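Structure first, then comments.
Protein chains: 2
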Amino acid sequence: MAFGDEKGVVEGNKKVLLKKYVNGFVQESDMEVVTDETILLELPHEGSKDTVLVKNLYLSCDPFMRALMSKMSESHYIEAFVPGNVIKGFGVSRVLESGHPDFKEGEYVWGITGWEEYSLITDTEKIFKIPFTDVPLSYYTGLLGLTGFTAYVGFNEICSPKKGEYVFISAASGAVGQLVGQLAKLMGCYVVGTAGSDEKVELLKTKFGFDDAFNYKKEKSLRAALRRCFPKGIDIYFENVGGAMLDAVLLNMRNKGRISACGMISQYNLEKLEGVHFLVKVITKQLTMKGFNVADYFDLYPKFLELIMPYIKNGEITYLEDKAEGIENAPAALVGLFTGKNVGKQLVVLAEE
Amino acid sequence: MAFGDEKGVVEGNKKVLLKKYVNGFVQESDMEVVTDETILLELPHEGSKDTVLVKNLYLSCDPFMRALMSKMSESHYIEAFVPGNVIKGFGVSRVLESGHPDFKEGEYVWGITGWEEYSLITDTEKIFKIPFTDVPLSYYTGLLGLTGFTAYVGFNEICSPKKGEYVFISAASGAVGQLVGQLAKLMGCYVVGTAGSDEKVELLKTKFGFDDAFNYKKEKSLRAALRRCFPKGIDIYFENVGGAMLDAVLLNMRNKGRISACGMISQYNLEKLEGVHFLVKVITKQLTMKGFNVADYFDLYPKFLELIMPYIKNGEITYLEDKAEGIENAPAALVGLFTGKNVGKQLVVLAEE
Numbered sequence: 001m002a003f004g005d006e007k008g009v010v011e012g013n014k015k016v017l018l019k020k021y022v023n024g025f026v027q028e029s030d031m032e033v034v035t036d037e038t039i040l041l042e043l044p045h046e047g048s049k050d051t052v053l054v055k056n057l058y059l060s061c062d063p064f065m066r067a068l069m070s071k072m073s074e075s076h077y078i079e080a081f082v083p084g085n086v087i088k089g090f091g092v093s094r095v096l097e098s099g100h101p102d103f104k105e106g107e108y109v110w111g112i113t114g115w116e117e118y119s120l121i122t123d124t125e126k127i128f129k130i131p132f133t134d135v136p137l138s139y140y141t142g143l144l145g146l147t148g149f150t151a152y153v154g155f156n157e158i159c160s161p162k163k164g165e166y167v168f169i170s171a172a173s174g175a176v177g178q179l180v181g182q183l184a185k186l187m188g189c190y191v192v193g194t195a196g197s198d199e200k201v202e203l204l205k206t207k208f209g210f211d212d213a214f215n216y217k218k219e220k221s222l223r224a225a226l227r228r229c230f231p232k233g234i235d236i237y238f239e240n241v242g243g244a245m246l247d248a249v250l251l252n253m254r255n256k257g258r259i260s261a262c263g264m265i266s267q268y269n270l271e272k273l274e275g276v277h278f279l280v281k282v283i284t285k286q287l288t289m290k291g292f293n294v295a296d297y298f299d300l301y302p303k304f305l306e307l308i309m310p311y312i313k314n315g316e317i318t319y320l321e322d323k324a325e326g327i328e329n330a331p332a333a334l335v336g337l338f339t340g341k342n343v344g345k346q347l348v349v350l351a352e353e
Numbered sequence: 001m002a003f004g005d006e007k008g009v010v011e012g013n014k015k016v017l018l019k020k021y022v023n024g025f026v027q028e029s030d031m032e033v034v035t036d037e038t039i040l041l042e043l044p045h046e047g048s049k050d051t052v053l054v055k056n057l058y059l060s061c062d063p064f065m066r067a068l069m070s071k072m073s074e075s076h077y078i079e080a081f082v083p084g085n086v087i088k089g090f091g092v093s094r095v096l097e098s099g100h101p102d103f104k105e106g107e108y109v110w111g112i113t114g115w116e117e118y119s120l121i122t123d124t125e126k127i128f129k130i131p132f133t134d135v136p137l138s139y140y141t142g143l144l145g146l147t148g149f150t151a152y153v154g155f156n157e158i159c160s161p162k163k164g165e166y167v168f169i170s171a172a173s174g175a176v177g178q179l180v181g182q183l184a185k186l187m188g189c190y191v192v193g194t195a196g197s198d199e200k201v202e203l204l205k206t207k208f209g210f211d212d213a214f215n216y217k218k219e220k221s222l223r224a225a226l227r228r229c230f231p232k233g234i235d236i237y238f239e240n241v242g243g244a245m246l247d248a249v250l251l252n253m254r255n256k257g258r259i260s261a262c263g264m265i266s267q268y269n270l271e272k273l274e275g276v277h278f279l280v281k282v283i284t285k286q287l288t289m290k291g292f293n294v295a296d297y298f299d300l301y302p303k304f305l306e307l308i309m310p311y312i313k314n315g316e317i318t319y320l321e322d323k324a325e326g327i328e329n330a331p332a333a334l335v336g337l338f339t340g341k342n343v344g345k346q347l348v349v350l351a352e353e
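Residue numbers (UniProt numbering), protein chains in the order written: chain A, 1 to 353; chain B, 1 to 353.
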């Protein structure tokens, strides 16, 4: 396809807009799906040297997107969302037309795109060519995209795990959590996860190979539950929830433990944040708590693929996808992340290729 | 002095005992000074191969000692205190008699000793020969002992400071804080401290060379005070207080900031700990918070001396001592750490040599 020919014009582009800033839990009504009937995406001939027009195939639902919906939220790898504008996130796309020398028509890419059927991408530093297409392309919204890479960076790079160490994962049945658990098992660690339903706990133990798991909603005391699961204490905590769970963990950490702060999903929807009371354990137990932005580690992406691809090809990684079909169902899929309904990686299928 | 001769027998040894476990603020009445009239410290001829009998010259008052006074407190470098037993801490001592090949009669040592006039030290891994005696020996309770080494490890090793970075120090007029500030200035950082009185704030600015300082008790909003002092945010926070101050700092940290968790003095005397609400910033700003135990870094002690000794000899380090005289005044000196009355390093002089 030549640069600027008529295929570079898209009409009738369905997209998900942020309707208003979000307080508390995000709801479907905070977003709206509209069809943009104007010719929006005409790739201009001039001044568009480095832009790429893509057809979006899969959109990834990620908890961090909620944080970008608050008024006064800070922009990070993705700019904070603005009411009336399209929501952005990670996705898998096919290049329709390219004004950028690194991307060619027909190539598949993963990275930041709009929650819409077609996107004109100007921020091409945030899309990456898909290196292997002998695995399902949708994996690049998850296992081989941000989700898997987050699990790898947050566990392998941030925590420096060693064989035999005791690893605890909260929101363990979530997309990142279930991968961290498997990476930890492959490393020879003892792995316990927690989740919010008996079904999820069962999945952790039977499907994802965790050594143990518990339903935090059924425990009278999180502290006691952790003491039961880890009589010798926790070396590594992969933090996805924050709040009261973090407090219980702090009380059960071993000396020199590492906490990889990946998410605090229990806090994102609260108007008043929960207090964490036992941070003094960071001192008395010489703990390290570290937040990270995977974007700072993208140079390690090839190293990650080198580790993970053989596991995938040998069937040593179990990976579940939760697919919502069509952009109309995208808001509900995103909201579902926070109500605990999904088990696998939540994604939205716009077009299968 | 020969091993086991009559000088190895000490009678009438005055000592500070823990009277009862402490709740809330430590008070003088939680301790008692007694004279042990029994022959307590006779160095046995057998089974005492590695023990050392010392005369204690200076005792160091350190905030961590409070933590060891609670019932159910965890033992760390020093075992938790038990009512009826002598309190322990860092001190400077002279060897009276030694059953250990590494220590000789007449040598000076610093390290863990009892809060008493004479101690029989069995845990000789926790005493260190004093390498330079051309500085006041009392410095080894502070500037050249745990205090200075804590400042060095907690700042230089934990935070990897770079020239031009923005450094904030809480409890900055305290023994560790004032040294961290000076190490940071010598490194070329911009340094702001906070303290609890106008006199201390003045000292920070005039005597210790801080770029700025404020009295946290006079600020309506700690968050606003920090924004005023650090319009561009904080790169390094040297944490001595915890609680509300930590929350205000989290809101003002820059991306990839480092928090060296040295102490949380605001929390040690509370029966119910304050909640910290903005830990989610650890994630959104990719912060690292790290607790440490200087004991794990003792192999760096020579490196520390190499850095600090020239500064001391050239008069580039300002060091204040707050000396209590006599073991009878030791409990009050320790309590004073928590009431904000002392400015310099608080120590107790048992004998000047």
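Backbone N, C-alpha and C define an ideal beta-carbon position, used for all residues, glycine too.
Given the structure is predicted, the values throughout are model-derived calculations rather than measurements.
Query, Result
"8 Å contact criterion, which methionine 65(A) and leucine 334(A) should meet: CB distance rounded", "6 Å"
"Contacts around lysine 345(B), its chain only, beta-carbon distance under 8 Å, and the 5 residues preceding and following it disregarded", "Ser60, Thr141, Gly142, Leu143, Thr147, Ala175, Tyr319, Leu320, Glu321 and Asp322"
"Residues bridged to isoleucine 169(A) (per DSSP)", "Gly193(A) and Phe238(A)"
"Contacts of glutamate 74(A) in chain B (Cβ-Cβ under 7 Å)", "Thr284"
"Buried or exposed by the 16-neighbour rule on C-beta atoms within 10 Å, applied to histidine 45(A)", "With a pLDDT of only 48 at histidine 45(A), under 50, the local geometry of the prediction cannot be trusted, and the value read off the model is given with reservation. Its Cβ having fewer than 16 others within 10 Å, histidine 45(A) is exposed."
"Local Cβ density within 10 Å of glutamate 165(B), reported as buried at 16 or more and exposed below that", "buried"
"Helix, strand or coil at threonine 133(B) according to DSSP, with G and I counted as helix", "coil"
"7 Å Cβ cutoff met for valine 95(B) and glutamate 107(B)", "yes"
"Start and end residues, alpha helix (DSSP H) containing residue 354(B)", "The question about residue 354(B) has no answer, for chain B in this structure spans 1 to 353."
"Threonine 288(B), enclosing beta strand (DSSP E) - first and last residue", "288-291"
"Through-space distance from threonine 133(A) to isoleucine 121(A), alpha-carbon basis", "22 Å"
"Interface residues of the region 276-305 of chain A facing chain B [CB-CB below 9 Å]", "Val276, His277, Phe278, Leu279, Val280, Lys281, Val282, Ile283, Thr284, Lys285, Gln286, Leu287, Thr288, Met289, Lys290, Gly291, Phe292, Asn293 and Asp296"
"Test item: CB-CB of tyrosine 58(B) and valine 349(B) under 7 Å", "yes"
"DSSP bridge partner residues for lysine 345(B) (one or two, in chain order)", "Glu321(B)"
"Residue span of the beta strand (DSSP E) that contains threonine 124(A), given as start and end", "From DSSP, threonine 124(A) is part of no beta strand (DSSP E); its letter is neither H nor E."
"Closer than 7 Å to chain B by CB, leucine 251(A)", "no"
"Environment of glutamate 306(B) [buried if 16+ CB atoms lie within 10 Å]", "exposed"
"Bridge-paired residues (DSSP) for threonine 35(B)", "Lys14(B)"
"CB contact below 7 Å: leucine 337(B) versus chain A", "no"
"Exposure label - lysine 88(A); buried when at least 16 CB within 10 Å", "buried"
"Residue burial classification, glutamine 27(B) (beta-carbon count within 10 angstroms, cutoff 16)", "exposed"
"Below-7 Å beta-carbon distance, methionine 264(A) vs any chain B residue", "yes"
"Contact with chain B by leucine 146(A), beta-carbon distance below 7 Å", "no"
"Every unbroken alpha helix (DSSP H) inside the region 204-279 of chain B [4 residues or more]", "222-229, 243-252 and 265-268"
"Close beta carbons around aspartate 247(B), own chain, < 7 Å, minus the five adjacent residues each side", "Val276, His277 and Phe278"
"Interfacial residues, the region 229-242 of chain A to chain B, with Cβ spacing under 7 Å", "Gly242"
"Spatial neighbours of valine 167(B) in its chain, beta-carbon cut-off 6 Å, leaving aside the 5 residues before and after", "Ala184, Cys189, Val191 and Ile236"
"Nearest residue (CA-CA) to phenylalanine 298(B), options Lys19(B), Trp110(B), Asn85(B) and Ala67(B)", "Trp110(B)"
"Buried versus exposed, by CB contacts within 10 Å (16 or more), valine 201(B)", "buried"
"Residues that valine 95(A) bridges to, as DSSP identifies them", "Val54(A)"
"Residue-level contact to chain B via CB, leucine 226(A), 7 Å cutoff", "no"
"Separation of arginine 228(A) from alanine 213(A), as counted between CA atoms", "11 Å"
"Within-7 Å CB hit, leucine 59(B) to chain A", "no"
"Selected residue, minimal CA-CA separation from phenylalanine 304(B), among Gly24(B), Asn156(B), Asp50(B) and Met72(B)", "Asn156(B)"
"In chain order, each beta strand (DSSP E) run of at least 3 residues that lies wholly inside the region 66-95 of chain A", "none"
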